[in-house]
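*Asks:* In my numbering, the protein residues as written are 45 to 210. Beta carbons: idealized from backbone N, C-alpha and C, even for Gly. All of these numbers come straight from a predicted model, not from anything done at the bench.
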Amino acid sequence: MKQLYIDFDGVIQDTMTKTYEELDKKGIDRKDQEKVTEYFRNLDWKKLIEETDVINDSINEIKKICESKKFNVYILTHINSTNEMIEKIKYLHKHLPQVTVVSVPKEIPKTEVVNPSAAILIDDYSGNIKEWQKKLGIGIKFVRELENGDYPEITRLSQVIDMFNQ
Ligand SMILES: [Mg+2]
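1) What do you reckon, are the CB atoms on Pro160 and Gly181 nearer than 7 angstroms?
2) CB Leu120 to CB Tyr49, shorter than 7 angstroms?
3) Between the beta-carbon of Asp51 and the beta-carbon of Asp194, is there less than 7 angstroms?
4) Whose C-beta lies closer than 6 angstroms to the C-beta of Pro149 among residues of the same chain, with five residues either side of it excluded?
5) With a threshold of 6 angstroms (Cβ to nearest heavy atom), would Gly54 be considered close to ligand 1?
6) With a 10 Å radius around its C-beta and 16 neighbouring C-beta atoms as the bar for buried, classify Ala162 as buried or exposed.
7) Name the one or two DSSP bridge partners that Tyr49 has.
8) At a threshold of 6 angstroms, does Tyr64 count as lining ligand 1 (C-beta to nearest heavy atom)?
9) My output table needs one value for Val10: the three-state DSSP class, helix, strand or coil.
10) Hey, quick one: how far does the alpha helix (DSSP H) through Gly171 stretch, first residue to last?
11) Starting from Lys185, trace the alpha helix (DSSP H) both ways and give me its first and last residue.
If you want it as structure tokens, here you go:
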């Protein structure tokens with residue numbers, strides 16, 4: 045079975061749209077790294093996760109991936125605070141108890157926490173995929189609409205099932 049890592053923000057839940065809206069409302073410039081980091085450190089993730097929509101039926105799509113028995117499935121997510129880690133784990137444990145959650149501190153690349161070699165990463169951020177491929181992993185970009193970009197793209201998570209034979 046192949047190792048399959050799935051990103052959370054922008055792939056499972058649309059948390060970034062919501063937080064960017066709030067940053068705008070608070071008048072925080074997204075380029076002001078210090079203020080943005082502080083905002084994320086203090087964010088109430090329980091509330092955010094409750095109020096945020098899942099993307100393209102992602103929870104059920106991941107259940108289908110698990111049922112295919114082709115992959116060892118992990119959620120690989122960057123976190124800014126312990127609160128964020130706790131609330132993401134609680135949410136995922138409730139909806140996808142069969143899946144392991146790997147939380148990565150924002151300051152560290154995902155490739156330094158898990159071994160990308162021959163493993164698959166589904167992520168909405170090209171930077172993560174680029175890094176992943178550099179370390180001999182297989183990167184797939186999750187997109188809302190096909191972009192015909194530099195990486196293989198999917199719009200629904202279960203599409204990964206037919207991309208691999210074993
Ligand atoms: Mg993401």
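*Replies:* A quick look at the data gives this:
1) Contact flag set, yes.
2) yes
3) no
4) Nothing meets the Cβ criterion.
5) yes
6) exposed
7) Tyr118 and Leu165
8) Outside the cutoff, so no.
9) Here the chain comprises residues numbered 45 to 210, so residue 10 is not present and cannot be evaluated.
10) Ser170 to Lys178
11) Premise fails: Lys185 lies in the beta strand (DSSP E), Ile182 to Phe186, not in any alpha helix (DSSP H).
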